[in-house]
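Input: a single structure, listed below in structure tokens.
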Amino acid sequence: MWTSWLNPTSIVIGALAVATSAYLAAVYLAADAAHDQERALERSFRLRALASGVTAGAIAIGGLFVVNADDHALVHSLLHGRALPAVIVSGLAGLGTLRLVSWRRYELARYAASLAVAAIIAGWALSRWPTILPGLTVHQAAAPHDTLVCIVVAVLGGGVVLLPSLALLFRLTLAGRFREDEVAELEKGTVTHPSVNVRVLASAAVACLIAGFGLLNIADSSWAHAVGVACLFGFIARAFSAIVVPALDQHSATR
Amino acid sequence: MTPHSIAAAFPPVDQHYLLQARQMQALSFSVHIPLVAFGLSFPAMVLFVEWLGRRRGDELYLTLARRWSKVMLTLFAVGVITGTVLSFEMGLLWPNFTGTFGSVFGLGFTIEGFSFFLEAIFIGIYVYGWRRLSPRAHLLSGIPIVITGITGSLLVIAVNAWMNHPGGFSLRNGKVVNVHPLRALLGNSYLWNELIHMYVAAYVVTGFIVAGCYAFGWLRGRWGRYERTALTVALTFAALASIAQAPIGDWAAREVASTQPVKLAAMEGPIQDDSRSVRAPSRLVSRQPAETCHPDPASALDPRRSQLERDGGGTRLRSGQPAAPGERGALVVPDHGGDRNIVRAPRRLVRRVLDQAKAPARVPVVLSGARFRRTTFGCGADRRLACDRGRPTAVGGLSSNADRRSRHGCARHPCRLRRACPRVPGGSERARLGTPTPRTSPAGPVTRILRPTKGGVGHVSSVATNGVHTRRAHAVHRARRRRPRGRLLAAPSRSRPARTERSRVRTPSNGARVGGEPCLADLRADRLLDLLPQGVRLDHVHSRGAPVHRPPRHPLSRRLLRDAGRGRDAAGIGTHRHAVRTVLDPRPRSHSARRSAASRPTACRSATPPGICGRAGSTRRPS
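If you read the protein sequences in the order shown, they are chains A and B. Heads up: the first sequence is residues 55 to 309, going by my numbering. Heads up: the second sequence is residues 428 to 1050, going by my numbering.
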């Protein structure tokens, strides 16, 4: 009946994943509700956070027995190897979160809750080390050296761009900028109607189209193709401004 | 490295549920790609409208941009879901491919992941920042969405280009070694035409869909300044992108024609398959039915095949009858299923379209879905009717989609079956991986694994064959130098009986034809995968069921075929049993056409092999 996809361990882990997600969501939403001084919402989310925290802890502890029966080696490595500190940290953080939530210290509870979940995932990885799957070590699964270098560089470079953006998003969200009253959308006095010389734009667009066509479809070299594509994009831009601006002016005039 | 060693490096693919995996992948892509089109182009449109509103101080533009930005966010979210499905499918449906080559192209998805996260962050800021950020900050927060949309698609398309043209690695014992991921992804010549074609197509798709919404509102009587503005902006984007897409599409088609002729043939011709459960993609661009019976990679080399076909004036719908030779079809439905499959489009609608098409402003119309009244997904998507009557605007956008779908949908391979001017340093000898494709029963697997023959490399084709190639190469060359208008834009609908009667028939000279035995030429050491290892498949390039018969090799048959090509005796073409059933044929037909139609069956039997002329007896009356 049991397969590698369907077995007691995977069912327990799946249930644990759902419970921890609910737990995290409830803690975070309770924090947001407290921030907004929504008393009723805060009460209900606090209740849910406590309930889901207890449930997740119960699944985690009870799951140990189930997994022990199914895959003794996994539990053994969790409780005896280098994963043990992570498991202890996770348990303590979980208990601490419950305490913090019951004290309504939501800001700290956020961090404790994420620490609890992160520690149990790290414990799983540590217990498996150095294999990533049974019979496959991390070294065997790794890509060649050049690819790894490229990926590390890409991750670092991406992080340089991504982390500030994420910080910006969180700052805007957590600082409540998105909940502020609406600011005036229009800066008065900016009403300008740029005059567009349609004839010049249109002839430039046609010239671009012809040039792009010739360079892209008649010429054969790659630089000609590049210039031709640029010309075609120029055609789109110029023709767009030649068409849209007068049309919109006309719409505005007939409003 | 010989092809044998490469072939030995890959065991034959024996994946369970291969067909289902392909269908699943194709379905996922066809759902995902339109959303990608919105993600690529819609932010720019929204930003433009917002910029206009800020600049003019007009609340209407800001309202429009705000509403569009919500649509943008929703479609992005749906695209995230379908994209996640796709990323799982890469590992779950194609574990061997990802396991073997993941180290080469995985970098692309890594960077694309970052680009996706950035896009998500800034879409959030943009949509939730309306009226909360300062106008300037809000406008600036939209710019990263546009940029990350481009970079994300750049990297995914780079992976696709790499799949079409693998490079940047070597094979040793079936393992990928010596990997240069950046060169593999970004140093790929296939990347640029794919990227630009996709990018412009995204504007076509988004612009027409958005404009269509407001046009629908117009029909319902909603036609204020708001709707007019929205329609103007979206439609202008779409129309201009369509115009630019024509030369870009021609560029891409010529690239495909010179590097992947079989793919071009697969995109253009109706493709047959063994099992009837798989429908061949039908064609967007009409084609002379005669040529569909000679699916020949060599004819796929002809750049003119990528043009939109000319069509005679005064067309009308014929249904239920096989196409006669010499007809220039404009509405073509490949018949996948049972016999006597007539076109199911309501005739009235098609007639209306055609009446419009007679007007001086010829509107290109792409009718999607055969049953317009109750469109079923599977059938409808396959039986796309193309009625092309002029400017290739609408066709361009859709063909890009189909193009991408055909690229993604099946395992792909840079099988350059024959290059435009195949030449090998050894003079007239062409290195050839001649392969009688292993035949299977009609109910057999859909795909064929192309195997090298025992002859393998170095099989020398005859001198006479080579002569044919040279002539063909000249023809290709001439065709590429033709005046551009003829290559790109369909001519006005004027009646050209001489041209419509003429069907260019090519003898499958050395057996290399779509549907037959692909042969590899131009083997080069640096393109290892060109050698077509055993495990790599080429989908959908064989005729259905019937084994390929070469024409008898004696001078008479060739002469007959040539005569047929000149219209003197339209021999036996266009009536293959799988061929096109429904054709908008040019009216009025000339008397010579009638004569040739009447004389066809006999000539067909005598001149062409059964694989080519399956339905010899079905004479079509031009009524």
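The C-beta atom is built at its ideal place from N, Cα and C for all residues, glycine as well.
Alpha carbon of residue i to alpha carbon of residue j, nearest angstrom
i: Tyr555(B); j: Leu223(A); result: 10 Å
i: Thr511(B); j: Leu286(A); result: 34 Å
i: Ser616(B); j: His624(B); result: 14 Å
i: Trp478(B); j: Gly484(B); result: 10 Å
i: Gly535(B); j: Val586(B); result: 6 Å
i: Leu598(B); j: Ala197(A); result: 14 Å
i: Leu487(B); j: Ala261(A); result: 34 Å
i: Thr490(B); j: Gly644(B); result: 17 Å
i: Trp495(B); j: His193(A); result: 48 Å
i: His134(A); j: Gly116(A); result: 18 Å
i: Val660(B); j: Ile174(A); result: 52 Å
i: Met376(B); j: Leu445(B); result: With chain B covering only 428 through 1050, there is no way to say anything about residue 376(B).
i: Thr191(A); j: Leu180(A); result: 13 Å
i: Gln452(B); j: Leu228(A); result: 40 Å
i: Ala166(A); j: Leu187(A); result: 29 Å
i: Val712(B); j: Trp56(A); result: For Val712(B), the predicted model reports a pLDDT of 40, less than 50, meaning its position is unreliable; a value from the coordinates is still stated below. Rounded to the nearest angstrom, the two C-alpha atoms are 52 Å apart.
i: Trp678(B); j: Asn271(A); result: 6 Å
i: Gly145(A); j: Ala114(A); result: 9 Å
i: Gly551(B); j: Gly211(A); result: 22 Å
Neighbourhood of residue i by C-beta distance below 7 Å, restricted to the same chain and skipping five residues each side
i: Leu581(B); result: Leu622
i: Val171(A); result: Thr74 and Leu78
i: Phe99(A); result: Ala80, Leu83, Ala84 and Ala87
i: Asp124(A); result: Asn61, Pro62 and Thr63
i: Ala668(B); result: Val627, Tyr630, Val631 and Gly634
i: Arg182(A); result: none
Chain B within 9 Å of residue i, Cβ atoms only
i: Asn271(A); result: yes
i: Gly243(A); result: Caution is warranted here: a pLDDT of 49 is assigned to Gly243(A), below 50, making its placement in the model unreliable, and no coordinate value can be reported.
i: His279(A); result: yes
i: Asp200(A); result: yes
i: Ser58(A); result: no
i: Met306(A); result: The residue asked about is misnamed: residue 306(A) is Ser in this sequence, not Met. Chain B, which has a Cβ nearer than 9 Å to the Cβ of Ser306(A), makes this yes.
i: Ala85(A); result: no
i: Ala229(A); result: no
i: Leu149(A); result: no
i: Ala94(A); result: no
i: Ala71(A); result: no
i: Leu226(A); result: yes
i: Ala79(A); result: no
i: Ala197(A); result: yes
CB contact check: residue i to chain A, cutoff 9 Å
i: Asn591(B); result: no
i: Cys848(B); result: A caution first: Cys848(B) carries a pLDDT of 35, below 50, which makes its placement in the model too unreliable to give a value.
i: Val463(B); result: no
i: His607(B); result: yes
i: Val512(B); result: no
i: Asn620(B); result: yes
i: Leu500(B); result: no
i: Val531(B); result: yes
i: Gly556(B); result: yes
i: Val683(B); result: no
i: Val603(B); result: yes
i: Gly551(B); result: yes
Residue i beta carbon near the ligand FAD (any heavy atom closer than 8 Å)
i: Ala195(A); result: This structure lacks the ligand FAD, and indeed carries no ligand of any kind.
8 Å Cβ shell around residue i - same chain, five flanking residues per side excluded
i: Ile584(B); result: Leu618, Glu621, Leu622 and Met625
i: Phe119(A); result: none
Nearest-angstrom Cβ-Cβ length linking residue i and residue j, presumed shorter than 8 Å
i: Glu546(B); j: Gly576(B); result: 6 Å
i: Arg493(B); j: Leu566(B); result: With a Cβ gap of about 13 Å, Arg493(B) and Leu566(B) do not count as contacting.
i: Val129(A); j: Gly177(A); result: Not a contact, Cβ separation roughly 11 Å.
i: Thr509(B); j: Val458(B); result: 5 Å
Beta-carbon contacts of residue i that lie in its chain and below 6 Å, excluding the five residues immediately before and after
i: Val281(A); result: Leu269
i: Gln304(A); result: none
(request) May I ask you to list, following chain order, the residues of the stretch 660-680 of chain B that have a beta carbon less than 8 Å from some beta carbon of chain A? (result) Val660, Thr663, Phe664, Leu667, Ala668, Ile670, Ala671, Pro674, Ile675, Asp677 and Trp678
(request) May I ask you to list, following chain order, the residues of the stretch 206-223 of chain A that have a beta carbon less than 9 Å from some beta carbon of chain B? (result) Ala208, Val209, Gly211, Gly212, Gly213, Val215, Leu216, Ser219, Leu220, Leu222 and Leu223
(message) Please identify, using Cβ separations under 7 Å, the residues of the stretch 275-304 of chain A that lie next to chain B, in order along the chain.
(response) His279, Val283, Leu286, Phe289, Ile290, Ala293, Phe294, Ile297, Val298, Ala301 and Leu302
(request) Taking a Cβ distance cut-off of 8 Å, strictly less, list which residues of the stretch 253-266 of chain A are near chain B, in chain order. (result) Leu263 and Gly266
(message) Can you pull out the residues from the stretch 533-546 of chain B whose beta carbon lies closer than 9 Å to at least one beta carbon of chain A?
(response) Gly533, Leu534, Thr537, Ile538, Gly540, Phe541, Ser542, Phe544 and Leu545
(request) Check distances from the C-beta atoms of the stretch 565-582 of chain B to those of chain A and list, in chain order, the residues that come in under 7 Å. (result) none
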